[in-house]
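Q: Take this structure first; my questions come after.
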Amino acid sequence: RVTDSETDDVEIGPDSMIIGNDPSIIEVYNAVARVAPLPIPVLIRGETGTGKELIARALHRFGTGSEGPFVAINCGAIPENLLESELFGHRKGAFTGADRDHRGAVESARNGTLFLDEIGELPTPLQVKLLRFLQSGEVRPVGSDHARHIPVRVVAATHRDLRAEIAAGSFREDFYFRIAAYEIEV
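In this note's numbering, each number is its position in the sequence shown, counted from 1, plus 19.
Here it is in structure tokens:
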């Protein structure tokens with residue numbers, strides 16, 4: 020919401036507020052207002068501590084899936100060997116220690132928003148699997164022979180220069196274009 024007060028304060032976010040009258044924060048809010056109603060993936064770029072998750076929550080709050088859940092995953096904080104299960108879920112017996120079915124973050128975010136924080140930390144094999152999900156909308160839990168369609172909006176964030184990562188060969192270009200249908204820089 021951009022107010023018509025003397026300060027032109029901007030307030031964004033369901034749980035927290037971003038308040039400011041600087042033209043750059045108003046530009047960010049206007050970008051959120053433009054893209055929030057569109058069911059496309061959004062990439063939020065900015066340095067650590069700039070409020071990328073607040074922007075993601077604003078996209079969720081003002082978006083079409085606002086009645087659904089907002090599920091956040093930090094791609095850099097989960098060990099690589101557990102990340103696929105955390106994202107896509109697993110079936111009982113799929114691997115040692117899988118003593119029950121586990122619903123992953125994608126399914127938990129059904130009809131809402133999946134926020135992938137620090138997407139630049141995502142290992143290449145998981146980039147391929149998320150790319151497949153973004154293309155088809157289908158998820159196959161680890162150990163399952165059936166894929167399910169899961170409607171969810173994906174918002175990603177990074178502090179990294181993903182174009183430089185692509186040039187260095189550590190980030191997939193096709194994945195970048197899928198997650199960055201619209202970019203917001205904070």
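Glycine residues also receive a C-beta, built at the ideal position from the N, C-alpha and C atoms.
Predicted model only: the values in this text are computed from it and were never measured.
Under 8 Å by Cβ, that's how I've got alanine 175 and isoleucine 138 pegged, so tell me the actual separation to the nearest angstrom.
A: At roughly 4 Å, the Cβ-Cβ gap stays under 8 Å, so alanine 175 and isoleucine 138 are in contact.
Q: With a 10 Å radius around its C-beta and 16 neighbouring C-beta atoms as the bar for buried, classify leucine 71 as buried or exposed.
A: One point to set straight first is that residue 71 is lysine, not leucine, in the sequence displayed. Lysine 71 is buried by the Cβ-count criterion.
Q: Can the beta-carbon of leucine 145 be found less than 9 Å from the beta-carbon of leucine 102?
A: Closer than 9 Å, so yes.
Q: Give me, in chain order, the residues of the same chain whose beta-carbon lies closer than 6 Å to that of histidine 121; leave out the 5 immediate sequence neighbours on both sides.
A: Around histidine 121: Gly108 and His109.
Q: Check whether the region 59-66 and the region 164-179 touch, using three or more Cβ-Cβ pairs below 8 Å as the test.
A: Enough Cβ pairs lie closer than 8 Å, so yes.
Q: Should phenylalanine 152 and valine 158 be called a contact, given that it needs their Cβ atoms to be closer than 9 Å?
A: In this structure, valine 158 lies closer than 9 Å to phenylalanine 152 by Cβ.
Q: Which class does aspartate 193 belong to by DSSP, given the choice of helix, strand or coil?
A: The answer is helix: DSSP assigns aspartate 193 an H, G or I state.
Q: From tyrosine 19 to isoleucine 169, what distance separates their C-alpha atoms?
A: Residue 19 lies beyond the stretch modelled for the chain, which goes from 20 to 205, so this question has no answer here.
Q: Going by CA-CA distance only, name the one from Cys94, Ala166, Gly84 and Ile59 that's closest to alanine 128.
A: It is Gly84 whose Cα lies nearest to the Cα of alanine 128.
Q: In chain order, which alpha helix (DSSP H) runs of at least 4 residues are fully inside the region 104-134?
A: Segments of the alpha helix (DSSP H) lying fully in the region 104-134: 124-127.
Q: Quick check: what's the CA-CA separation for valine 125 versus serine 163?
A: The alpha-carbon atoms of valine 125 and serine 163 are separated by roughly 15 Å.
Q: Measuring alpha carbon to alpha carbon, tell me which residue in Glu105, Gly82, Phe81 and Pro98 is nearest alanine 91.
A: Closest option to alanine 91, Cα to Cα, is Glu105.
Q: Return the bridge partner residues of aspartate 136 from the DSSP annotation.
A: Paired residue(s): Asn93.
Q: State yes or no: is the C-beta of threonine 143 within less than 9 Å of the C-beta of leucine 78?
A: No.
Q: If you count every other CB in all the chains shown that lies within 10 Å of the CB of phenylalanine 89, and 16 or more means buried, which is it?
A: Buried, because 16 or more other Cβ atoms sit within 10 Å of the Cβ of phenylalanine 89.
Q: Output the distance between the C-alpha atoms of isoleucine 45 and glycine 39, rounded to the nearest integer angstrom.
A: Each residue's Cα considered, the two are about 8 Å apart.
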